[in-house]
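One structure is given below, encoded as structure tokens.
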Amino acid sequence: MEVPCVRVPLEDGETTRRELADADLIADDYEITVDDGSLYVPVVDPAAVSDEFELVTRAVDERDTQTTPADLLGFDPSYERLGKAVLLDEDDDDRAREITDALFQSDLPVETVLNKASKVKGETRVRDWDLLAGEDTEVVHREYGSEFLLDLAEVYFSPRLATERHRVAEQVTADERTFDMFAGVGPFVVPFAKRGAECVGVDINPDAIEYLQENARRNGVGDRVTALCDDVHATASDYENWADRIVMNLPHSADEFIDAAVAIAGDDCVIHYYDIQHEDDPFGPGERVIRRAAEPAYEVTVETRHVVRSYAPHELNVCLDVRLERPAVPRN
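Quick look at the structure:
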């Protein structure tokens, strides 16, 4: 069967395989093959593969099937994987424990199973978890070559946004000054810093800031990351006219912080503004908020209107990539 594959010279094969595995992009149903000095790695989402890799379509063999939880249960359970942790969202305790047993009997690499015990709540956007298997709620997550340590009971983190974070990170250049207004454990900040940018990450959750500092160290970019535990409204005055790029990933209430973002923006700055809106007009409300706050001090150009994912029936999680440019002062 023909499937999309990354083709690399054989000597670069293991490094490439690890990077694709960290990004959870390898298509496990197909064999990795070698032919004429090249390694072919089947991928699940070619659009998410970095431009640095060559993509080809190639006939590859299907891999011998492994035992999955669905094979053991007789139904396909819904779950998310975060490193070697599995996250469930089951109201029925007996069903949750049945799935847990099947996970450990399957061929999946599982060490921890957690079941959601509450919705995301509070200012720090954390939730309660039932620990069904494993030692604690701390996990290690790998994403596009970066490694993140985090405690799901203490910080907010969504593995579903990995492709979106990679999309934004690929726009960053080494000479930039970047500012993440709601940085969490650093899933934007760390890859930005790995591309050579100077990064400031702010979060009101002290646990998130501790993990951000740790993740900057473990990814070798501690010298390029400043982590601040504060409300970004209070921090904005210290970074006026500073940033070349700003991330505003607080989609339910980013509009409440747009004035701070405009204050932080430099003379030529891109804002990645995340929003959740009705499908009838997903981008209009955010664009109007930004224009009201930034014009006429800045010329506002919407460079990308991007749907990140479906959030709820008829609601979309979207991102606006917006460039703010301060008009040149005419000479007398």
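In full-length UniProt numbering, the protein residues as written are 1 to 332. Virtual Cβ for every residue (Gly too), placed ideally from N, Cα, C.
* Indicate the three-state DSSP secondary structure (helix, strand or coil) for Gln105 in the structure shown. => Three-state DSSP puts Gln105 in a helix.
* Return the bridge partner residues of Gln277 from the DSSP annotation. => Paired residue(s): Leu316.
* Determine the DSSP secondary structure at Val289, reduced to helix, strand or coil. => In this structure, Val289 counts as helix in the three-state DSSP scheme.
* Three-state class that DSSP yields for Asn215 in the structure shown -> In the structure shown, Asn215 sits in a helix (DSSP, three-state: H, G or I).
* **Contiguous beta strand (DSSP E) assignments of at least 3 residues, all confined to the segment 13 to 53** => The segment 13 to 53 contains these whole beta strand (DSSP E) runs: 33 to 35, 38 to 42.
* Asked: Whole-angstrom Cβ separation of Val139 and Leu82, contact assumed at under 8 Å?
  -> With a Cβ gap of about 5 Å, Val139 and Leu82 count as contacting.
* **Status (buried if at least 16 other CB within 10 Å, exposed otherwise) for Pro313** => Pro313 comes out exposed.
* Coarse secondary structure for Ala197, derived from DSSP in three states -> DSSP places Ala197 in coil when its eight states are reduced to three.
* Measuring CB to CB, does Glu123 end up less than 9 Å from Ile32? -> In this structure, Ile32 does not lie closer than 9 Å to Glu123 by Cβ.
* Asked: For His252, which beta-bridge partners are listed by DSSP?
  -> For His252, which the question treats as bridged, DSSP gives no partner whatsoever.
* Straight-line Cα distance separating Val300 from Lys84 -> Distance between the alpha carbons of Lys84 and Val300: 43 Å.
* Own chain residues within Cβ distance below 7 Å of Val172, not counting five before or after -> Excluding residues within five positions, the ones whose Cβ falls inside 7 Å are Thr178, Phe192, Arg195, Ala197, Arg245.
* Ser118 CB to nearest heavy atom of the ligand FAD below 8 Å -> As for the ligand FAD, it is missing from this structure, which has no ligand bound.
* Exposed or buried, what is Asp51 when buried is set at 16 or more other beta-carbons lying within 10 Å of its beta-carbon? -> Classification for Asp51: exposed.
* To do: Under 8 Å by Cβ, that's how I've got Tyr273 and Gly286 pegged, so tell me the actual separation to the nearest angstrom.
  => About 5 Å; that satisfies the 8 Å criterion.
* **Bounding residues of the alpha helix (DSSP H) (the contiguous stretch that carries Thr163)** => Element bounds for Thr163: 162 to 169.
* To do: Take Gly186 as the anchor and find which of Asp223, Val200, Ala243, Phe53 has the nearest alpha-carbon.
  => In terms of Cα proximity to Gly186, the closest of Asp223, Val200, Ala243, Phe53 is Val200.
* **Environment of Ala234 [buried if 16+ CB atoms lie within 10 Å]** => Burial is judged here by how many other beta carbons sit within 10 angstroms of a residue's own beta carbon; Ala234 has fewer than 16 and is exposed.
* **Beta-carbon proximity list for Pro42, same chain, < 6 Å, skipping 5 on both sides** => Same-chain partners within the cutoff: Val3, Cys5, Ala27, Tyr30, Val60.
* Asked: Cβ of Leu114 within 9 Å of Cβ of Tyr211?
  -> The answer is no: Cβ separation not under 9 Å.
* To do: Name the two residues that bound the continuous alpha helix (DSSP H) containing Leu72.
  => It spans 69 to 73 - the alpha helix (DSSP H) in which Leu72 sits, taken as one unbroken run.
* Asked: Excluding sequence positions up to five away, which residues of its chain have a Cβ less than 7 Å from the Cβ of Thr137?
  -> Contacts found: Leu114, Trp129, Leu131, Asp151, Leu152, Ala153.
* To do: Name, in chain order, the residues that DSSP records as bridge partners for Asn205.
  => In the DSSP assignment, no residue is bridged to Asn205.
* **Bounding residues of the alpha helix (DSSP H) (the contiguous stretch that carries Asp259)** => Per DSSP, Asp259 belongs to the alpha helix (DSSP H) from 258 to 264.
* **Unbroken alpha helix (DSSP H) run spanning Val232, endpoints** => First-last of the alpha helix (DSSP H) with Val232: 232 to 235.
* Cutoff 6 Å; reference Val307; Cβ partners in own chain excluding five residues on either side -> Correct list, in chain order: Leu316, Val318.
* Asked: Is the distance from the Cβ of Asp230 to the Cβ of Val262 below 9 Å?
  -> In this structure, Val262 does not lie closer than 9 Å to Asp230 by Cβ.
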